[in-house]
Each structure stands twice: as C-alpha cells, then as structure tokens.
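In our numbering, the protein residues as written are 29 to 392.
For every residue, glycine included, the Cβ atom is placed at its ideal position computed from N, Cα and C.
The structure displayed is predicted, hence computed values, not measured ones.
First comes the structure, then the notes that go with it.
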C-alpha cells in the first residue's frame, strides 16, 4: 500500500508542527481536507498535550501528527550563563528591565520525560514525529505497538540512515531553506547545509522507506518539484503561518508581511540551536563580534523569551522568535483548508499542463 493511502491522506501535504504556532484548529482543518495536520508538542507539558490532542480529535476523525523534541539533556553551566546574561544586560536596560538572575530549561526533552512517553502510549496518536534526534530503542518499540506511524526529521544522509535503523517509518528531509529550528541531531557537528531538493534526491535513492520534503515549499509548483525528485509528500510550515487558525501574534504577522520576509537568517543565539527566522533586532545580534558562547538549548531560550517579553512590554517586537523559511514572501493569508485546496489545485494544473505538452509534442 502507498504510504499516503496507509495514512488515509488524499493530498500529499503535511502541515509542519511549529511548536508555539500550531493549534488544534489548524491541524484539524488541514486533516479534514485530506492533508496531514500537526501539533507541535515539544514545548508542552503532558497534561496540556492531552488536552490539545483531545481538541484535535473533537474537530476531526482523520489522522494527524504530534511532534516531540528529542534533544540531548542540556548541560547547565553557571559561568557561561552568567556571561550570557551580562552580555544581554544592556538590551534589557534599554527597556528599564533587568535580566533573570539565572537561567533554566523552559521545557523537557522527550528523552527525559517518561510522563509524555506514557501519555503517547495511552492516547495513541495516529502519527508521531520526532525533531532533533531519536527516542530510545525501547520507546520506539513500545510506541510502535500502538499502531502509530513514526517519522523523524533529518538533515543529512547519515541522520536518515540512523532514523531508518531506529525503526522510523519515514523521514522528513529538512533542507537548509526551512524555517524554525534545524532538526540536526548534533548541533555541534559539521553541517553540510544541504538544500531541500538535493537532500530529497539523495534520500530517495538511499532510503528504503518514504521521504517527505521540507523546506522552502510554498505552493503547487514546489510540491510538484519535490514529488518529481522522489518525495511522497511535502511538509510545509511557513506556508501556513498567515492562516487565521495559527497562533501568530500581530507583531509576528506584521513582520511576516513586510520586508523581513525577504531576509531570513539562521542563528543560534535566540534558543541555543540553529534556527531560521525573520531578520529583526535579535537576529542582528549574531553579527556582533563580542558575543560570548550562548548556553545550551533550550536554556538560552529562557533568556531569549525574557528579553522578548521585556521589549514587547515597551512596544518593541524586534526580539521575537519569528521563525520562517526562505519562501516567506510567498506566504498567503488564507484559511488553512482553502490553502490546502489551492496547493492541490495548483499541483493538479501542473500535471494537466504536462499531459497537454506531451500530447502536443508527441513525446512520451
């Protein structure tokens, strides 16, 4: 059976999970029109995750994806964190605020969260995806017994090989164009920064299972190109950001509709891991030569969130984590269901044009 048929999908579009932005309404709307909606639960506590999953199920009977962060346990370093806060202090002072006295991890890795693992075994989401790494062998074995389809984000052939060996049913090939956090397993390892299309082509030849393309795909033309290169579907995040069902605040929405959309940047200092977002005052800090090493992910995020809150309370939105991919200027402000239908219609029209061209030229 084809992978999409196995999932019960009629449209080869996966909505990216986008922790902090995705909502049950967004996931349900995408799933209801034949795509795969998703919830980003990486920054969510188990009981909140239970409620979000229940809300999706109340809005759709179709499959959906829940996504977890599988990052290594952060290592606290009081000296490094103190230097980081000292470096950020002048920015807090601009708004008459002081930085936190100390930093802590704002959320827990799935690797260190037995309650979240137990919740998945209990509520049995139909699709579960992992970002930043892979769960333990025992965890994968237990989750597979629920019947869930398991996915993992990968950014290289080596990571794809590890994902397949760990028992993932498919891989999400995340190119350097993608918005949000880069899913590389080890952020300190060399990164070949492969684009979506080269990565998809490499993995379609290497992997035994399905490949989902992710990064810079915004419309039917991008979907067609990804499928031509061997992907079975395309995962899109930035494409959905302006949908009314997302949790975007007004400042994020306004920035995405402005010139910043043409100038995304990959930076680590906001959260402690490489992530692509709209250019703003926060991303500009990465260009300063005096920046000390930032704390581990997600401890650094604790400082980033505090700075964004301090600035926002004084009317400055330029320190927000406004994640977006390189296709950001192509984002459309449409309801999610309509957007999926339009992407599918664009893709279908491309197929029709190809068919007409073949008939016209006589080439087969």
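Residue 336 and residue 355 do not touch by the CB rule: their CB atoms are close to 24 Å apart, not below 8 Å. Residue 59 and residue 326 have their C-alpha atoms spaced approximately 30 Å apart. DSSP places residue 144 in the helix class (H, G or I) of the three-state scheme. For residue 220, the CB contacts under 7 Å within the same chain, skipping 5 residues up- and downstream, are 184 in chain order.
Bounds of any beta strand (DSSP E) do not take in residue 254; it lies within the alpha helix (DSSP H) bounded by 248-256. Taking residue 364 as the centre and dropping the five residues before and after it, the same chain places the C-beta of 54, 57, 58, 268, 271 and 273 closer than 7 Å to its C-beta, in chain order. Where residue 228 is concerned, the enclosing alpha helix (DSSP H) starts and stops at 224-234. In this structure, the CA atom of residue 152 is about 15 Å from the CA atom of residue 142. Look at residue 160 here: in three-state DSSP terms it is coil, with no helix or strand label.
Remark: C-beta atoms of residue 47 and residue 97 approach each other more closely than 9 Å. The bridge partners DSSP lists for residue 262 are 41 and 241.
Looking only at 239, 276 and 259, the smallest Cα-Cα distance to residue 265 is reached by 276. For the 9 Å CB-CB criterion, residue 289 and residue 357 form a contact. In the DSSP assignment, residue 202 falls within the unbroken beta strand (DSSP E) covering 198-202. Beyond the five residues adjoining it in sequence on each side, residue 93 comes within less than 6 Å, by CB distance, of 64, 66, 155 and 157 in the same chain, given in chain order. Residue 139 and residue 100 have their C-alpha atoms spaced approximately 8 Å apart.
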